[in-house]
Amino acid sequence: MNDDDLVRIAHALSDPTRLGILRVVAGGRDEDCCSPRDDCCPEGVCVCDLEAKVGLGQSKISYHLRELKDAALVSETRSGRWNYYTVRSDRVREYAEAVAAVGRDQFAALVAPGRRG
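Here this note's numbering = 1-based position in the sequence shown + 2.
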């Protein structure tokens, strides 16, 4: 993962609303969701479900979802008139590993022999 990707994802996750939306999407679809269950995306969460759980209107939810999509943290699947959102677990994992590597590198530099603090 390059530095531009790291910054883009960090920016997307820096907003508490987007972090909350990501958590809801990661939790998957609820049985009482207003959209029809679709074989194309059985665990996908729709905007109406997010509205109810996050407490924001459709336009604000859509804005934050666009930021998460631009960072490639969520994917969108369209089926009929419904859009379903799922977390890109591979991308979240890749980001976590990249951040952990930065931390390991910084720690190694701090404890390197001959370093004076």
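Beta carbons: idealized from backbone N, C-alpha and C, even for Gly. Being a predicted model, the structure only gives us computed values, none of them experimental.
Asked                                                                                                                             : Found
Could you spell out where the beta strand (DSSP E) holding valine 89 opens and where it closes?                                   : 84 to 89
Give the range of the alpha helix (DSSP H) segment to which valine 49 is assigned.                                                : 49 to 56
Give the DSSP-derived three-state secondary structure of glutamate 78 in the structure shown.                                     : strand
Report the CB separation of glycine 30 from glutamate 45 in whole angstroms; it is logged as a contact under 8 Å.                 : 4 Å
Under 8 Å by Cβ, that's how I've got valine 27 and threonine 88 pegged, so tell me the actual separation to the nearest angstrom. : 7 Å
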